[in-house]
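Trainee: Each residue of the sequence shown is one higher than the one before, counting from 3 in my numbering. Cβ coordinates follow ideal geometry from the N, Cα and C atoms, glycine included. The structure under discussion is supplied below as structure tokens; questions concerning it will follow.
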Amino acid sequence: MSVRKQIVDALVARFEAISGVTTVDQWAVGSLGVSDLPAIVVRDADSSANSESMSETEHVAEINIDVLAEGDNAMDAVDAIVENVLLKIGEDETIGSLCEFCTLGGVAKSLEQQEDRIASANVVVSANYSTELWQF
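Now the structure itself:
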């Protein structure tokens, strides 16, 4: 299993410990219903690599963490979950020594009102890690 996949799996496991969250999944956007909320969806969206030596590649994996909640206090719920997500990452920024460190790229929030009031936030985190050449 790639280091990148191990990092994502480790984050999912950490987020599953956040109380009050109904669903924690990878790549589940679009398949979630109101009954699945509040939810956290983790996606390893993008990465970059730089081979600075003959034996090692430095990687930066961009990980998108979507937080969704519904109801009259949906944005308050999203804010609380985002805070817990960041605290879980901050407990060990090396994600169990899988990466050298993580950085926060930002948090973007939105609120939609259709049949239900759905609040969401997208948290962008970069995980910096190394592998042998030609691995990810």
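By Cβ distance below 8 Å, which residues in the same chain neighbour residue 49 in space, the five residues on each side in sequence not counted?
Mentor: In the sequence shown, counting from the first residue as 1, residue 49 sits at position 47. If we look at residue 49 and ignore the five residues flanking it on each side, its Cβ neighbours are 6, 61, 62, 63, 64, 138.
Trainee: Where does residue 23 sit, in a helix, a strand or coil, going by DSSP?
Mentor: Walking along the sequence shown from the start, residue 23 turns up at place 21. Under the three-state reduction of DSSP, residue 23 is assigned to coil, being neither helix nor strand.
Trainee: Which value, in whole angstroms, describes the spacing of the CA atoms of residue 83 and residue 73?
Mentor: As a first step, residue 83 must be located in the sequence shown, where it is residue number 81. As a first step, residue 73 must be located in the sequence shown, where it is residue number 71. C-alpha separation (whole angstroms): 15 Å.
Trainee: Using the Cβ count rule (16 or more neighbours within 10 Å means buried), how would you classify residue 103?
Mentor: As a working mapping, residue 103 is identified with position 101 in the sequence shown. Classification of residue 103: exposed, given that the 10 Å Cβ count is below 16.
Trainee: When the Cβ atoms of the region 33-47 are set against those of the region 91-103, are three or more pairs found closer than 8 Å?
Mentor: no
Trainee: Given that a residue counts as buried once 16 or more other Cβ atoms are within 10 Å of its Cβ, and exposed if not, what is residue 86?
Mentor: Within the sequence shown, the letter at position 84 stands for residue 86. By the neighbour-count rule (16 or more Cβ atoms within 10 Å), residue 86 is buried.
Trainee: Determine, using beta carbons only, whether residue 44 comes closer than 7 Å to chain D.
Mentor: Among the chains in the structure shown there is no chain D, since it carries only a single protein chain.
Trainee: What residues match up with residue 119 in a beta bridge as DSSP calls it?
Mentor: Taking the first residue of the sequence shown as position 1, residue 119 is located at position 117. DSSP output for residue 119 lists 115 as bridge partner(s).
Trainee: Leaving out five residues before and five after residue 134 in sequence, what residues of the same chain have Cβ atoms less than 8 Å from its Cβ?
Mentor: Looking up residue 134 in the sequence shown gives position 132. So the qualifying residues of the chain are 57, 58, 59.
Trainee: DSSP three-state label for residue 41, please.
Mentor: For the purposes of this step, residue 41 is taken as the residue at position 39 of the sequence shown. If DSSP states are grouped into helix, strand and coil, residue 41 belongs with the strands.
Trainee: If I'm right that residue 70 touches residue 120 with Cβ under 8 Å, what's the distance once you round it to whole angstroms?
Mentor: As a first step, residue 70 must be located in the sequence shown, where it is residue number 68. As a first step, residue 120 must be located in the sequence shown, where it is residue number 118. The Cβ separation is near 6 Å, so the contact holds.
Trainee: Are the beta-carbon atoms belonging to residue 109 and residue 125 less than 7 Å from one another?
Mentor: Here the question's residue 109 lines up with position 107 in the sequence shown. Here the question's residue 125 lines up with position 123 in the sequence shown. In contact: residue 109 and residue 125 (Cβ atoms closer than 7 Å).
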